[in-house]
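Residue numbers (the numbering used here), protein chains in the order written: chain A, 1 to 339; chain B, 340 to 678.
There are 2 protein chains.
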Amino acid sequence: MSYTMYDLARDAGVSVATVSRVINNNGSVKEDTKQRILELVKDKGYIPNAYARGMNNISMKTIGVIIADIVNPFFAEVVNGIEDACQKCGYKLILCTTANNPDTEKKEIEMLVEKLVEGFIIVGSRPSKDNNADFLIGLSNTLPIVLVNSFIKGGPKMFSILVDEGKAVYDALAYLKSENETNIYILGDPTWKTTTIKISSFKNFYKKNNLNFTTNNIVNCSHSYCGGKKGALELFKRNLPYPYKIICSSDTIAIGALRELLSLGVKIPEQVSIMGFSNIEVSSLTTPSLSTVDQKLFELGQKSGYLFINIIHEKYPLNKKTYSEYELIIRESTNSREV
Amino acid sequence: MSYTMYDLARDAGVSVATVSRVINNNGSVKEDTKQRILELVKDKGYIPNAYARGMNNISMKTIGVIIADIVNPFFAEVVNGIEDACQKCGYKLILCTTANNPDTEKKEIEMLVEKLVEGFIIVGSRPSKDNNADFLIGLSNTLPIVLVNSFIKGGPKMFSILVDEGKAVYDALAYLKSENETNIYILGDPTWKTTTIKISSFKNFYKKNNLNFTTNNIVNCSHSYCGGKKGALELFKRNLPYPYKIICSSDTIAIGALRELLSLGVKIPEQVSIMGFSNIEVSSLTTPSLSTVDQKLFELGQKSGYLFINIIHEKYPLNKKTYSEYELIIRESTNSREV
DNA sequence: ATGAAAGCGCTAACAC
DNA sequence: GTGTTAGCGCTTTCAT
Numbered sequence: 001m002s003y004t005m006y007d008l009a010r011d012a013g014v015s016v017a018t019v020s021r022v023i024n025n026n027g028s029v030k031e032d033t034k035q036r037i038l039e040l041v042k043d044k045g046y047i048p049n050a051y052a053r054g055m056n057n058i059s060m061k062t063i064g065v066i067i068a069d070i071v072n073p074f075f076a077e078v079v080n081g082i083e084d085a086c087q088k089c090g091y092k093l094i095l096c097t098t099a100n101n102p103d104t105e106k107k108e109i110e111m112l113v114e115k116l117v118e119g120f121i122i123v124g125s126r127p128s129k130d131n132n133a134d135f136l137i138g139l140s141n142t143l144p145i146v147l148v149n150s151f152i153k154g155g156p157k158m159f160s161i162l163v164d165e166g167k168a169v170y171d172a173l174a175y176l177k178s179e180n181e182t183n184i185y186i187l188g189d190p191t192w193k194t195t196t197i198k199i200s201s202f203k204n205f206y207k208k209n210n211l212n213f214t215t216n217n218i219v220n221c222s223h224s225y226c227g228g229k230k231g232a233l234e235l236f237k238r239n240l241p242y243p244y245k246i247i248c249s250s251d252t253i254a255i256g257a258l259r260e261l262l263s264l265g266v267k268i269p270e271q272v273s274i275m276g277f278s279n280i281e282v283s284s285l286t287t288p289s290l291s292t293v294d295q296k297l298f299e300l301g302q303k304s305g306y307l308f309i310n311i312i313h314e315k316y317p318l319n320k321k322t323y324s325e326y327e328l329i330i331r332e333s334t335n336s337r338e339v
Numbered sequence: 340m341s342y343t344m345y346d347l348a349r350d351a352g353v354s355v356a357t358v359s360r361v362i363n364n365n366g367s368v369k370e371d372t373k374q375r376i377l378e379l380v381k382d383k384g385y386i387p388n389a390y391a392r393g394m395n396n397i398s399m400k401t402i403g404v405i406i407a408d409i410v411n412p413f414f415a416e417v418v419n420g421i422e423d424a425c426q427k428c429g430y431k432l433i434l435c436t437t438a439n440n441p442d443t444e445k446k447e448i449e450m451l452v453e454k455l456v457e458g459f460i461i462v463g464s465r466p467s468k469d470n471n472a473d474f475l476i477g478l479s480n481t482l483p484i485v486l487v488n489s490f491i492k493g494g495p496k497m498f499s500i501l502v503d504e505g506k507a508v509y510d511a512l513a514y515l516k517s518e519n520e521t522n523i524y525i526l527g528d529p530t531w532k533t534t535t536i537k538i539s540s541f542k543n544f545y546k547k548n549n550l551n552f553t554t555n556n557i558v559n560c561s562h563s564y565c566g567g568k569k570g571a572l573e574l575f576k577r578n579l580p581y582p583y584k585i586i587c588s589s590d591t592i593a594i595g596a597l598r599e600l601l602s603l604g605v606k607i608p609e610q611v612s613i614m615g616f617s618n619i620e621v622s623s624l625t626t627p628s629l630s631t632v633d634q635k636l637f638e639l640g641q642k643s644g645y646l647f648i649n650i651i652h653e654k655y656p657l658n659k660k661t662y663s664e665y666e667l668i669i670r671e672s673t674n675s676r677e678v
């Protein structure tokens, strides 16, 4: 078939053991036979068979990274951080996208399981009804799993790193709120935990302030630019009295909403304030620029990478959840003054 | 070590061959032994070792996809298309990012070479001085390689799919140009072929129109939001008379430039027209929205996926280069009227 | 410094 | 319908 180590050994007039030593640079080999082998490697374009190596319990130092959607900057920025951390430790990533499909997720993970990958970092919120939770719990008996921005209870080697989204939303609402008004709306997709968490916090905030939270305060939309446009349009059509305020479950939603309202002639932030969530890079570049909750995505990724590598080395964190900081970023799209 | 097929065979009281038949669902096995084995698989959480399978020439149906930067939407959108095509054919992707570092690129490819992956799709422009060209040519003796938006001469199994960027820039300039004025500037990074191609076309256009192209027409900046901001600032500091026009080597540059100029109080498009390149999703959502050249990124990705799979099946295209269409998209950021 | 050989976990050809 | 066994290409221990 292809040019193997045996061929190489034959051509060099040595045994495979010697070749192996040269390839892996361990064990001692006479300098000139070493050179002869190395030259042959180059000439013949010899490349070791990864599967054969893998069979010998050689760690391939790869981590499976599961994300929903590569086009969503949230994931891209987190993965960027993961990569940064892993590269420093000599680890490589195998990136898989699930398109938010639980079956795809399961299949992809199974494909990578057992030696192809030393474990998984799974990025992003889980579905409110998480069909793969038990599967992951079972898997974490053998393989380390780090969940970024989500949490599953149980699972021996499963750990989470996340931002306290409930608290963050509470802070954001405290900033947005004006006197005794129930004019804040949340845009998001409640089939995802990230949104249900935010909604709970929202309810809680209104309750504490003796305000009445209703389902009217929720506008259902998918977590994309396009979803944001649709959600904003829906809200606009209600002809609500200005000013009102929108808090979005993600920056992509917020950017879509921003553009839609601007196109409809709405003044932002004078008539409508918009707040995003995550602080993806482009949020600071819109006009008006977007107020948001900075989840420090790159660092979040980095931390999860380091956490994973610690787990591999059996240095387990004290808690199953590690909280990562967030920060309210006020830019031009919100205006908390009473108009 | 881990629970292997031998353990499973022992526990089920059968031979490994029988287990293998059940696992791979080929060959005939009595129904109740089959069930017994399947149950054991579940109970013990047995997972086949991917490396051992790989050793038997079982195709793992994976493609290595190499991109420069996951945070750059250009790559994300292309990869999205590749994924779409590959999924339909039962192929999986292993995504690697190089951070524009040729050594990283080489290392990552070597890691995946030989059986871990059936070939490569390499996305994005190559450096003007491409140190890995020979490496890739050599590799393409054995493995299929599809280059997206770049071209390397030679390489038996290496094929390109790309947009005619030179022509696209020519069209864009024809649209931007006003009477006998040399007030168009290009922002980009000439260390990448994508920019040198555009600059050549620019020169050519000016020549044909009897206008004088100078290095002043080029502003050097990296292909990122941040690069765009810096480039625009540099240009602004020249205190050029309005109106003038900017054509950017990428949409990320254009979005950064747009924001920077807006922050400096420049009126767009009245004083400065800005045109991007690629049409990433967020380009339509800026204010003003961005005029650009639509490279139809998702389709470009799809096509390259299908091309790759054809090559695997030894259905080679007639030419080494396949051109993909582009389209000039005029939005709000340009104004070709004389002011 | 070098070689022989066992073994990694699986598949598939062959025998029964 | 089921078992035996020879590889797949490499690493590594044990001799020499």
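Just so it is clear, CB atoms sit at the ideal spot from N, CA and C, and this is done for glycine as well.
- Message: Against Arg-375(B), what residues of chain A qualify as contacts under a CB-to-CB distance less than 8 Å, listed in chain order?
- Response: Here the premise fails: no neighbours, minimum Cβ distance about 21 Å.
- Query: Which stretch, first to last residue, makes up the alpha helix (DSSP H) that contains Met-450(B)?
  - Reply: Element bounds for Met-450(B): 441 to 451.
- Under the criterion of a Cβ to heavy atom distance below 7 Å, does Phe-490(B) qualify as lining the ligand MG? Looking for the ligand MG in the displayed structure turns up nothing, as the structure carries no ligands at all.
- Query: Where does Glu-338(A) sit, in a helix, a strand or coil, going by DSSP?
  - Reply: Residue confidence is low: Glu-338(A) scores 46 on pLDDT, short of 50, so the model does not pin down where it sits. No coordinate-derived value is stated.
- Query: Are Gln-634(B) and Tyr-665(B) touching if we call contact CB-CB under 8 Å?
  - Reply: Between Gln-634(B) and Tyr-665(B), the CB-CB gap stays under 8 Å.
- Message: Does Asp-189(A) pass the burial test, meaning 16 or more other C-beta atoms within 10 Å, or should it be called exposed?
- Response: Buried, because 16 or more other Cβ atoms sit within 10 Å of the Cβ of Asp-189(A).
- Task: Determine the extent of the alpha helix (DSSP H) in which Ser-263(A) is found, giving its start and end residues.
- Result: In the DSSP assignment, Ser-263(A) falls within the unbroken alpha helix (DSSP H) covering 251 to 263.
- Message: Between Ala-76(A) and chain B, is any beta-carbon pair separated by less than 8 Å?
- Response: Yes, contact with chain B.
- Item | Validate contact between the region 247 to 259 of chain A and the region 173 to 191 of chain A using beta carbons, cut 8 Å, 3 pairs | Verdict: yes, contact present.
- Item | Cα-Cα separation, Pro-495(B) to Pro-466(B) | Taking C-alpha positions only, Pro-495(B) is separated from Pro-466(B) by approximately 21 Å.
- Cα separation between Phe-474(B) and Ser-398(B)? Roughly 24 Å separates the two Cα atoms.
- Provide the residue span of the alpha helix (DSSP H) that contains Val-361(B), from first to last. Residue range 355 to 363 is occupied by the alpha helix (DSSP H) that includes Val-361(B).
- In chain B, which residues lie less than 8 Å from Gly-305(A) when you measure between Cβ atoms? Ordered by position in chain B, no residue passes the 8 Å Cβ test against Gly-305(A), which lies about 14 Å from the chain.
- Which class does Ile-538(B) belong to by DSSP, given the choice of helix, strand or coil? Assigned with DSSP and collapsed to three states, Ile-538(B) falls in helix.
- Message: Considering only their Cβ atoms, is the gap separating Ile-152(A) from Ala-133(A) smaller than 8 Å?
- Response: Closer than 8 Å, so yes.
- Residues that Gly-54(A) contacts on chain B, provided the C-beta gap is smaller than 9 Å: Those are Asn-388, Ala-389, Tyr-390, Ala-391, Gly-393, Met-394, Leu-455, listed as they occur along chain B.
- What residues from chain A crowd round Gly-477(B), counting only those whose CB sits closer than 7 Å? Ordered by position in chain A, the residues that pass the 7 Å Cβ test against Gly-477(B) are Gly-45.
- Task: Answer with yes or no whether the minimum CB distance from Leu-300(A) to chain B is below 8 Å.
- Result: Answer no: the Cβ-Cβ gap between Leu-300(A) and chain B never drops below 8 Å.
- Message: Taking CB distances under 8 Å as the criterion, tell me whether Thr-292(A) reaches chain B.
- Response: Chain B places no beta carbon closer than 8 Å to that of Thr-292(A), leaving this residue out of the contacts.
- Are any of the Cβ atoms in chain A nearer than 8 Å to that of Leu-624(B)? Contact of Leu-624(B) with chain A is assigned, a C-beta pair being separated by under 8 Å.
- Query: CB Thr-98(A) to CB Glu-83(A), shorter than 8 Å?
  - Reply: In this structure, Thr-98(A) lies away from Glu-83(A), with their beta-carbon atoms at least 8 Å apart.
- Query: Just curious, the beta strand (DSSP E) that Asp-382(B) is in, first and last residue?
  - Reply: If you look at Asp-382(B), you'll find it isn't in any beta strand (DSSP E); it sits in the alpha helix (DSSP H) that goes 370 to 383.
- Query: Should Leu-597(B) and Thr-625(B) be called a contact, given that it needs their Cβ atoms to be closer than 8 Å?
  - Reply: Contact flag set, yes.
- Query: Along the chain, which unbroken stretches of the beta strand (DSSP E) at least 3 residues long are found entirely within the region 393 to 422 of chain B?
  - Reply: List check, beta strand (DSSP E) in window: 401 to 406.
- Task: Could you say which of Lys-445(B), Glu-449(B), Gly-458(B), Glu-671(B) lies nearest to Cys-425(B) if we only look at CA atoms?
- Result: For Cys-425(B), the nearest C-alpha among the options comes from Gly-458(B).
- Query: Considering Glu-270(A), what are the terminal residues of the alpha helix (DSSP H) in which it resides?
  - Reply: In the DSSP annotation of this structure, Glu-270(A) is not part of any alpha helix (DSSP H), being labelled neither H nor E.
- Give a yes or no on whether 8 Å exceeds the smallest Cβ distance from Leu-486(B) to chain A. Against chain A, the CB of Leu-486(B) has no partner CB under 8 Å away; the residue lies outside that interface.
- CA-to-CA distance, Lys-427(B) to Leu-451(B), given in whole angstroms: If you take the alpha carbons of Leu-451(B) and Lys-427(B), they lie about 22 Å apart.
- Which of helix, strand or coil DSSP assigns to Phe-552(B): Phe-552(B) carries a coil assignment under DSSP once its states are collapsed to helix, strand and coil.
- Name the DSSP bridge partner or partners of Leu-95(A)? Leu-95(A) pairs with Val-65(A).
- According to DSSP, which residues form a beta bridge with Gly-527(B)? Answer is Asn-559(B), bridged to Gly-527(B).
- Item | CB contact below 8 Å: Met-158(A) versus chain B | No, Met-158(A) does not count as interfacial toward chain B.
- Would you report the Cα separation of Ser-489(B) and Gly-505(B), rounded to the nearest angstrom? The C-alpha of Gly-505(B) is placed about 12 Å away from the C-alpha of Ser-489(B).
- Query: Taking DSSP as the reference, what is the three-state secondary structure of Lys-506(B)?
  - Reply: Here Lys-506(B) carries a helix assignment [DSSP, helix/strand/coil].
- List the whole-angstrom C-beta distance separating Thr-356(A) from Val-117(A), where the pair is believed to meet the contact cut-off of C-beta under 8 Å. The structure shown has nothing for residue 356(A), since chain A only spans 1 to 339.
- What residues in its chain sit with their C-beta under 8 Å from that of Ile-309(A), if we drop five residues either side in the sequence? So the list reads Ala-85, Cys-86, Cys-89, Tyr-91, once near-sequence residues are dropped.
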